[in-house]
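Chemist:
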Amino acid sequence: MSKILILTATAFSLAASAVCAKAYHPTAREMIKGAEFIALVSLDEPVKQETIGKWTYGEVSTARLSKQIKGKLPEKFKIYSRENFKCAQCYFPKGDNLVFLKKDQDLFVGQAWNISCLPVSDHKVAWFSNLDLNKSDSLSNLNDCIKQIQSELKN
9 MSKILILTAT AFSLAASAVC AKAYHPTARE MIKGAEFIAL VSLDEPVKQE TIGKWTYGEV
69 STARLSKQIK GKLPEKFKIY SRENFKCAQC YFPKGDNLVF LKKDQDLFVG QAWNISCLPV
129 SDHKVAWFSN LDLNKSDSLS NLNDCIKQIQ SELKN
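According to our numbering, the stretch in the sequence shown is residues 9 to 163, in order.
1) What residue does the beta strand (DSSP E) around Leu161 start on, and which one ends it?
2) On the criterion of 16 or more Cβ atoms from any shown chain inside 10 Å, does Ile157 qualify as buried, or is it exposed?
3) Find the nearest neighbour of Ile77 within the set Asp130, Phe116, Leu106, judged by alpha-carbon distance.
4) List in chain order: all unbroken beta strand (DSSP E) runs of 3+ residues lying wholly within the stretch 31-114.
5) Starting from Ser129, trace the beta strand (DSSP E) in both directions and tell me its first and last residue.
6) Decide if Glu67 is buried, meaning its Cβ has at least 16 other Cβ atoms within 10 Å, or exposed.
7) With C-beta atoms as the reference, is Leu51 less than 9 Å away from Phe100?
So, in C-alpha coordinates, the structure goes:
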(Lines of atoms letter the chains of each structure in order from A; the text may use other names.)
(Lines give C-alpha, C1' and ligand atoms only; values in the text may rest on other atoms or scores of the structure.)
Protein backbone atom coordinates (compact mmCIF):
# COMPACT_ATOMS: atom_id res chain seq x y z
CA MET A 9 0.00 0.00 0.00
CA SER A 10 2.78 2.48 0.87
CA LYS A 11 4.46 1.77 -2.50
CA ILE A 12 1.24 2.69 -4.29
CA LEU A 13 0.98 5.94 -2.31
CA ILE A 14 4.59 6.81 -3.09
CA LEU A 15 4.12 6.05 -6.80
CA THR A 16 0.89 8.06 -6.90
CA ALA A 17 2.49 11.02 -5.13
CA THR A 18 5.47 10.87 -7.49
CA ALA A 19 3.19 10.76 -10.54
CA PHE A 20 1.22 13.81 -9.36
CA SER A 21 4.43 15.66 -8.57
CA LEU A 22 5.86 14.97 -12.03
CA ALA A 23 2.59 15.98 -13.69
CA ALA A 24 2.55 19.28 -11.79
CA SER A 25 6.19 19.92 -12.74
CA ALA A 26 5.40 19.25 -16.39
CA VAL A 27 2.53 21.74 -16.34
CA CYS A 28 4.69 24.46 -14.74
CA ALA A 29 7.56 23.70 -17.11
CA LYS A 30 5.39 24.95 -20.01
CA ALA A 31 5.71 28.56 -18.87
CA TYR A 32 8.55 29.93 -20.98
CA HIS A 33 10.20 32.97 -19.44
CA PRO A 34 11.78 35.03 -22.23
CA THR A 35 14.93 37.08 -21.92
CA ALA A 36 14.69 40.87 -21.88
CA ARG A 37 15.89 40.93 -25.49
CA GLU A 38 13.12 38.51 -26.53
CA MET A 39 10.59 40.51 -24.53
CA ILE A 40 11.56 43.75 -26.28
CA LYS A 41 11.38 42.17 -29.73
CA GLY A 42 8.20 40.18 -29.01
CA ALA A 43 6.13 42.91 -27.37
CA GLU A 44 3.49 44.48 -29.58
CA PHE A 45 3.49 47.53 -27.32
CA ILE A 46 6.10 49.05 -25.00
CA ALA A 47 5.20 52.11 -22.97
CA LEU A 48 5.65 54.07 -19.81
CA VAL A 49 2.26 54.19 -18.07
CA SER A 50 0.68 55.28 -14.83
CA LEU A 51 -1.50 52.50 -13.42
CA ASP A 52 -4.45 52.76 -11.06
CA GLU A 53 -4.90 50.22 -8.28
CA PRO A 54 -5.79 46.82 -9.84
CA VAL A 55 -9.43 45.79 -9.45
CA LYS A 56 -10.58 42.20 -9.11
CA GLN A 57 -12.56 41.32 -12.21
CA GLU A 58 -12.81 38.02 -14.06
CA THR A 59 -12.31 38.50 -17.80
CA ILE A 60 -11.98 35.69 -20.32
CA GLY A 61 -9.48 35.73 -23.17
CA LYS A 62 -6.94 33.01 -23.96
CA TRP A 63 -6.60 32.85 -20.18
CA THR A 64 -9.05 33.87 -17.52
CA TYR A 65 -7.72 37.11 -16.04
CA GLY A 66 -8.47 37.96 -12.42
CA GLU A 67 -7.57 41.67 -12.33
CA VAL A 68 -7.77 44.77 -14.46
CA SER A 69 -5.86 48.05 -14.11
CA THR A 70 -6.59 51.35 -15.81
CA ALA A 71 -3.48 52.68 -17.55
CA ARG A 72 -2.73 56.25 -18.58
CA LEU A 73 -0.12 56.59 -21.29
CA SER A 74 2.92 58.71 -20.37
CA LYS A 75 5.31 57.71 -23.18
CA GLN A 76 4.84 55.39 -26.11
CA ILE A 77 7.94 53.44 -27.18
CA LYS A 78 6.62 50.70 -29.49
CA GLY A 79 3.18 50.26 -31.04
CA LYS A 80 0.19 52.59 -30.88
CA LEU A 81 -1.72 52.68 -27.59
CA PRO A 82 -4.69 54.84 -26.60
CA GLU A 83 -4.18 57.60 -24.02
CA LYS A 84 -6.23 55.59 -21.50
CA PHE A 85 -6.78 51.81 -21.61
CA LYS A 86 -7.12 48.72 -19.44
CA ILE A 87 -4.48 46.06 -18.77
CA TYR A 88 -5.63 42.59 -17.72
CA SER A 89 -3.55 40.43 -15.37
CA ARG A 90 -3.45 37.62 -12.81
CA GLU A 91 -3.97 34.85 -15.34
CA ASN A 92 -5.39 31.55 -14.19
CA PHE A 93 -2.11 29.95 -15.31
CA LYS A 94 -0.64 29.58 -11.82
CA CYS A 95 2.92 28.77 -12.88
CA ALA A 96 3.44 32.21 -14.40
CA GLN A 97 1.36 35.35 -14.09
CA CYS A 98 1.56 39.04 -14.87
CA TYR A 99 1.07 41.63 -12.14
CA PHE A 100 0.46 45.31 -12.83
CA PRO A 101 0.71 47.26 -9.55
CA LYS A 102 -0.39 50.85 -9.00
CA GLY A 103 2.12 53.51 -9.95
CA ASP A 104 4.45 54.37 -12.80
CA ASN A 105 5.58 51.31 -14.74
CA LEU A 106 7.42 50.40 -17.91
CA VAL A 107 5.16 47.82 -19.57
CA PHE A 108 5.63 45.24 -22.32
CA LEU A 109 2.28 44.23 -23.75
CA LYS A 110 0.55 42.13 -26.38
CA LYS A 111 -3.08 41.65 -27.35
CA ASP A 112 -5.19 38.68 -26.26
CA GLN A 113 -8.16 39.18 -28.56
CA ASP A 114 -9.17 42.77 -27.65
CA LEU A 115 -7.42 42.75 -24.26
CA PHE A 116 -4.07 44.38 -23.48
CA VAL A 117 -2.06 41.85 -21.45
CA GLY A 118 1.53 41.25 -20.35
CA GLN A 119 3.91 39.89 -22.96
CA ALA A 120 6.49 38.22 -20.73
CA TRP A 121 4.90 37.01 -17.50
CA ASN A 122 6.54 38.52 -14.41
CA ILE A 123 8.83 40.92 -16.31
CA SER A 124 5.99 42.48 -18.34
CA CYS A 125 5.66 45.30 -15.82
CA LEU A 126 8.76 47.00 -14.40
CA PRO A 127 8.25 49.59 -11.64
CA VAL A 128 9.58 53.11 -12.10
CA SER A 129 10.46 55.41 -9.20
CA ASP A 130 12.50 58.64 -9.21
CA HIS A 131 13.38 58.11 -12.90
CA LYS A 132 14.86 54.68 -12.07
CA VAL A 133 13.51 51.38 -13.40
CA ALA A 134 14.08 47.78 -12.37
CA TRP A 135 16.19 46.72 -15.35
CA PHE A 136 18.59 44.08 -16.70
CA SER A 137 22.37 44.30 -16.45
CA ASN A 138 22.35 42.10 -19.56
CA LEU A 139 19.46 41.77 -22.04
CA ASP A 140 19.98 38.00 -22.13
CA LEU A 141 18.64 37.73 -18.56
CA ASN A 142 15.02 36.88 -17.83
CA LYS A 143 14.90 38.68 -14.46
CA SER A 144 15.58 42.32 -13.73
CA ASP A 145 18.65 42.58 -11.51
CA SER A 146 19.48 46.28 -11.25
CA LEU A 147 18.09 49.79 -11.01
CA SER A 148 18.86 51.91 -14.05
CA ASN A 149 18.12 55.39 -15.31
CA LEU A 150 14.77 55.29 -17.14
CA ASN A 151 15.99 57.36 -20.10
CA ASP A 152 19.00 55.05 -20.55
CA CYS A 153 16.68 52.02 -20.55
CA ILE A 154 14.40 53.61 -23.14
CA LYS A 155 17.44 54.33 -25.35
CA GLN A 156 18.56 50.72 -24.95
CA ILE A 157 15.08 49.48 -25.92
CA GLN A 158 14.99 51.77 -28.97
CA SER A 159 18.45 50.59 -30.00
CA GLU A 160 17.41 46.95 -29.63
CA LEU A 161 14.31 47.57 -31.75
CA LYS A 162 16.52 48.87 -34.59
CA ASN A 163 18.58 45.65 -34.66
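By construction, the Cβ of each residue, glycine as well, lies at the ideal position given by its N, Cα and C atoms. Remember, it's a predicted structure, so these values are computed and weren't measured experimentally.
Modeler: In this structure, then:
1) From DSSP, Leu161 is part of no beta strand (DSSP E) but of the alpha helix (DSSP H) over 150-162.
2) buried
3) Leu106
4) 45-51, 55-60, 64-78, 84-91, 103-112
5) 125-129
6) buried
7) yes
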